[in-house]
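Letter by letter, the sequence shown follows residues 43 to 248 in our numbering. Glycine included, each C-beta is placed from N, C-alpha and C at the ideal position. In this text, all values refer to a predicted model and were calculated from it rather than measured experimentally. These notes are about the structure you will find just below.
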Amino acid sequence: MDFNLKVEKRAVAQKKSDSKNIRNAGYIPAIIYGDGKEGVPIKLKSNEFVKAYNRSLGELVFFNLDVDGKNYKTVIKSKQVHPSTRRLLHIDFMELTKGHTVTVDIPIKLVGDSVGVREGGIVDFLLHTLSVSCLPSQIVSEIEVDISNLAIGENLRVQDINLGKLHANVDPENSVVNILPPIKAAADSETEGEQEGKAEAQTLAE
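Set out below in structure tokens:
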């Protein structure tokens with residue numbers, strides 16, 4: 043998904059009140075970082091950016107930022123959010139430069155009808171995004187993970203995913219998804235275990 047936004051340059055904040063004044067004026071202070079380049083301080087219209095950002099939740103988004111007629115193709119590298127109001131306080135954008143490796147978080151999408159689920163199992167989706175390093179031209183909007191062959195009690199790890207030219211930046215042993223036993227069966231098993239324990243304790247007491 044791509045969004046085109048016109049943004050404005052701003053002066054580098056010298057004190058906290060500078061950024062606060064920008065926010066009070068209806069903008070979000072931000073900066074564009076490039077590989078080996080000096081950062082470009084900018085400000086975005088808060089209502090315009092938030093509208094685009096909310097539409098993109100859960101997806102990898104490219105922001106084409108127009109700064110005084112110069113276009114920067116970027117992704118969000120990091121952001122600061124107010125702990126209670128959840129208001130966006132500051133955004134770091136990373137410029138995508140041809141031929142230069144970048145690190146991005148790509149959403150994981152589960153596909154297929156798991157054997158285990160057909161038997162009553164439950165999908166435990168643990169890793170929703172994967173941090174990878176690659177060239178800008180190799181970035182994909184999502185990583186599809188086929189869970190069709192997963193039975194109850196089985197899991198799929200990062201190392202089991204065919205990433206092509208993408209390089210994962212996490213432990214390859216990390217689980218992406220597990221197929222758990224049915225809740226009722228697990229609960230019944232636990233109840234039986236408790237009953238056996240009580241019966242054994244009663245026998246010993248006698």
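In the three-state DSSP reduction, serine 88 falls in the helix class (H, G or I). C-alpha of aspartate 134 to C-alpha of asparagine 96: approximately 17 Å in a straight line. A straight line joining the alpha-carbon of glycine 111 with that of histidine 124 spans about 31 Å. By a beta-carbon distance limit of 8 Å, isoleucine 221 contacts glutamate 196. Their separation comes to about 6 Å.
Put simply, the backbone Cα of threonine 127 is about 15 Å away from that of asparagine 66.
Note on geometry: alpha-carbon atoms of alanine 210 and serine 217 lie some 13 Å from one another. Three or more pairs of CB atoms, one per stretch, sit closer than 8 Å, so the stretch 44-58 contacts the stretch 83-98.
At least 8 Å separates the beta-carbon of aspartate 147 from that of asparagine 106. Unbroken beta strand (DSSP E) runs of no fewer than 3 residues, entirely contained in the stretch 115-194, are found at 130-137, 144-153, 164-167, 171-176, 185-188, following chain order. Residue pairing by DSSP puts aspartate 108 in a beta bridge opposite Lys48, Asn113. In terms of Cβ geometry, proline 178 and leucine 102 do not form a close pair [threshold 8 Å]. Isoleucine 225 sits exposed, since fewer than 16 C-beta atoms from the chains shown fall within 10 Å of its C-beta. Taking C-beta atoms as the reference points, valine 212 and serine 173 count as a pair closer than 8 Å.
The distance from the Cβ of valine 144 to that of leucine 138 is about 6 Å, consistent with a contact at the 8 Å cut-off.
Remark: C-beta atoms of phenylalanine 104 and valine 92 do not approach each other more closely than 8 Å. In this structure, lysine 115 sits away from tyrosine 75, with a CB-CB distance that is not shorter than 8 Å.
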